[in-house]
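What follows is a single structure, written as structure tokens, with notes after it.
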Amino acid sequence: MPVNKDMRILIVDDFAAMRGIIRNILNQLQLDNIVEASDGAAAWEILKKDEIDFIISDWNMPGMTGIELLRKVRNNEKYSDIPFLMVTAEAQQKNILEAAQAKVSEYIIKPFKAETLTQKIKKIFG
Ligand SMILES: [Mg+2]
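For the sequence shown, our numbering begins at 354 and goes up steadily by one.
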């Protein structure tokens with residue numbers, strides 16, 4: 354599916370500054386229909402009452418982590434097709450493998466360049 358400028362994007366990260374960085378990069382791509390959550394549990398609540406088209410999530414967060422959120426999303430037929438981009442400092446092969454097994458759409462390792470995020474979005478929706 355192509356990048357839809359109106360798609361509603363859920364950014365999940367416990368670090369507000371990181372949510373802001375991601376939001377700014379998305380804004381540069383004219384993507385500004387954005388909602389934020391600070392952990393997986395808050396993200397899940399948003400998913401239940403909002404129409405989310407794309408999830409960008411951190412891994413390590415207090416409460417529900419990003420990998421737990423990913424599994425919950427993929428195991429629920431209502432949300433299982435939502436593209437899910439993991440943006441995390443977890444760079445170990447075992448983490449990447451774990452996310453791949455949980456059917457993550459794409460994976461970005463922090464710190465990252467704006468260009469990397471743009472490329473991954475194009476890869477997902479291109
Ligand atoms: Mg974190």
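We put the CB at the ideal spot given by N, CA and C, even for glycine.
What residues match up with residue i in a beta bridge as DSSP calls it?
i: residue 460; result: 439
i: residue 410; result: 365, 439
From the DSSP output, in three-state form, read off residue i for me.
i: residue 426; result: helix
i: residue 390; result: strand
i: residue 419; result: helix
i: residue 360; result: coil
i: residue 382; result: coil
i: residue 451; result: helix
i: residue 445; result: coil
i: residue 476; result: helix
i: residue 398; result: helix
i: residue 405; result: coil
Given the structure, does residue i come close to ligand 1, in the sense that its CB is under 7 Å from one of the ligand's heavy atoms?
i: residue 437; result: no
i: residue 407; result: no
i: residue 478; result: no
Three or more C-beta pairs under 8 Å: does that hold for the stretch 370 to 384 against the stretch 424 to 431? As far as the Cβ criterion goes, the stretch 370 to 384 does not touch the stretch 424 to 431, which means the pair count is below three.
For ligand 3, enumerate in chain order all residues having a CB closer than 6 Å to any of its heavy atoms. Here the bound small molecules are ligand 1; ligand 3 is not part of this structure.
Check whether the stretch 444 to 454 touches the stretch 397 to 408, taking contact to mean three or more Cβ pairs, one atom from each stretch, closer than 8 Å. Output reads no: the stretch 397 to 408 does not touch the stretch 444 to 454.
Answer yes if the stretch 364 to 371 comes into contact with the stretch 402 to 414, meaning at least three C-beta pairs across the two stretches below 8 Å, and no otherwise. Result yes; three or more Cβ-Cβ pairs closer than 8 Å.
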